[in-house]
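Enquirer: Numbering-wise, the sequence shown is residues 1 to 96 according to UniProt numbering.
Beta carbons: idealized from backbone N, C-alpha and C, even for Gly.
Quick caveat, the model's predicted, so the values are computed rather than measured.
Have a look at this one.
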Amino acid sequence: MEGTGGEPEFTDPIATWKPADASPSGITYFDGRIWVACLRGERLYRINTDGSSAEQLLTGEYGRLRQVTPAPDGSLWVLTNGHAGPDYDLILRVTP
Numbered sequence: 001m002e003g004t005g006g007e008p009e010f011t012d013p014i015a016t017w018k019p020a021d022a023s024p025s026g027i028t029y030f031d032g033r034i035w036v037a038c039l040r041g042e043r044l045y046r047i048n049t050d051g052s053s054a055e056q057l058l059t060g061e062y063g064r065l066r067q068v069t070p071a072p073d074g075s076l077w078v079l080t081n082g083h084a085g086p087d088y089d090l091i092l093r094v095t096p
């Protein structure tokens, strides 16, 4: 199933998006929110677990985002997966 079900036997997702806006590749739960790195759409989603908002961050700034993971210092590390060649794949430090 994709998207919202609208049927009592299904639990609807707290966030949905068009495939052109996101192709999720990495996800983590951190700081009380869900963080989703996206290849297609080249953005990082910060989603409140109650579904009240899904904010888009880093949209188009660093190319494709491969993974997001908590860092030891309380920030997040975001791995880019841009283009072939040196200096295109980066580890970004994001402060929530």
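(1) Mapping DSSP to helix, strand and coil, what is Glu42?
(2) Please determine if the region 25 to 33 and the region 61 to 71 are in contact, where contact requires at least 3 C-beta pairs separated by less than 8 Å.
(3) Shortest alpha-carbon distance to Ser53 belongs to which of Thr16, Glu9, Asp89 and Gly3?
(4) In three-state terms, what does DSSP make of Asp25?
(5) So who's on the other strand from Glu7, going by DSSP bridges?
(6) Between the C-alpha atoms of Asp31 and Leu92, what's the straight-line distance to the nearest angstrom?
(7) Name the residue from Pro19, Leu57 and Asn48 whose alpha carbon lies nearest to the alpha carbon of Arg40.
Expert: Based on what the coordinates show:
(1) In this structure, Glu42 counts as coil in the three-state DSSP scheme.
(2) Between the region 25 to 33 and the region 61 to 71 there are three or more inter-stretch CB-CB distances shorter than 8 Å, so the stretches are counted as touching.
(3) Of the candidates Thr16, Glu9, Asp89 and Gly3, the one whose C-alpha sits nearest the C-alpha of Ser53 is Thr16.
(4) For the record, residue 25 in the displayed sequence is Ser; it is not Asp. Three-state result, Ser25: strand.
(5) Paired residue(s): none; Glu7 is not in a bridge.
(6) If I take the Cα positions, the gap works out to 18 Å.
(7) Pro19
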